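Structure first, then comments.
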Amino acid sequence: MLFTSSGAGAPRISGVVDWVETSWGPPDLDVAHCSTGLALLHGVSAGMAFADAFRAAGGELTEDKGDHLYWRLLDALAFAPAAGKVTGPWREVGRTDLADDLVARRLEDYIACLIDTL
1 MLFTSSGAGA
11 PRISGVVDWV
21 ETSWGPPDLD
31 VAHCSTGLAL
41 LHGVSAGMAF
51 ADAFRAAGGE
61 LTEDKGDHLY
71 WRLLDALAFA
81 PAAGKVTGPW
91 REVGRTDLAD
101 DLVARRLEDY
111 IACLIDTL
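Residue numbering for the sequence shown follows the UniProt record's numbering, starting at 1 and increasing by one per position.
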């Protein structure tokens, strides 16, 4: 995530850089990956809010809620075998609060929240 600040206000998202791999696909996949990352880093509400923030900033996603949910679940479930695999690098850059069990619990809660939208 790239942030900008006008000084007096809270920082705003100014860009997203999140390339796990080079591929060509729908923006929903990239938004899903960012949403999962935010859920793991900051909790379910941050992950759930990202797609709406993306749209509010002018981004376009599929109007088909089922397709959008598919991409979000697909990305989140990719972390399921070992959600803790991402915590090491995050702790190395200062997020020492991100214990493996916390991130695993956040992932489970995020997936449950996605399923509840069905």
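Yeah, the Cβ is synthetic: ideal placement off N, Cα and C, and Gly gets one too. Quick caveat: nothing in here was measured; it's all calculated off a predicted structure.
Problem - Rounded separation between D97 and R91 - CA only - result: Roughly 8 angstroms between the two C-alpha positions.
Handout entry: A51 and L40 closer than 8 angstroms at C-beta
Key = In this structure, A51 sits away from L40, with a CB-CB distance that is not shorter than 8 angstroms.
Exercise for the section: Please list, in chain order, all residues of the same chain as I115 whose beta carbon is under 8 angstroms from its beta carbon, the five residues on each side excluded. Expected result: In the same chain as I115, and ignoring 5 residues on each side of it, the C-beta atoms closer than 8 angstroms to its own belong to L73, in chain order.
Practice task
Sort out for me which residues DSSP pairs T4 with in a bridge.
Solution key: In DSSP, T4 forms a bridge with R12.
Practice task
Determine, using beta carbons only, whether T117 and A76 come nearer to each other than 8 angstroms.
Solution key: One thing to note: T117 has its Cβ no nearer than 8 angstroms to the Cβ of A76.
Practice task
Measure from the alpha carbon of G66 to the alpha carbon of each residue in D28, S45 and P81, then state which is nearest.
Solution key: In terms of Cα proximity to G66, the closest of D28, S45 and P81 is D28.
Handout entry: E60 - DSSP class collapsed to helix/strand/coil
Key = Reduced to three states, the DSSP call for E60 is coil.
Problem - L69 versus A104, D30, P89 and G88, residue with shortest Cα-Cα distance - result: Looking at the Cα atoms, D30 is the closest of the given residues.
Exercise for the section: Indicate whether D109 and V44 have their beta-carbon atoms separated by less than 8 angstroms. Expected result: Going by C-beta atoms, D109 is nearer than 8 angstroms to V44.
Exercise for the section: Alpha carbon to alpha carbon, how far is R12 from A83? Give it in angstroms, no decimals. Expected result: Looking at the two C-alpha atoms, the distance is approximately 27 angstroms.
Exercise for the section: Give the secondary structure of R91 by DSSP, where H, G and I count as helix, E and B as strand, and everything else as coil. Expected result: DSSP places R91 in the helix class (H, G or I) of the three-state scheme.
Exercise for the section: Measure the Cβ-Cβ separation of G47 and L38 and say whether it is below 8 angstroms. Expected result: Yes, the Cβ-Cβ distance between G47 and L38 is below 8 angstroms.
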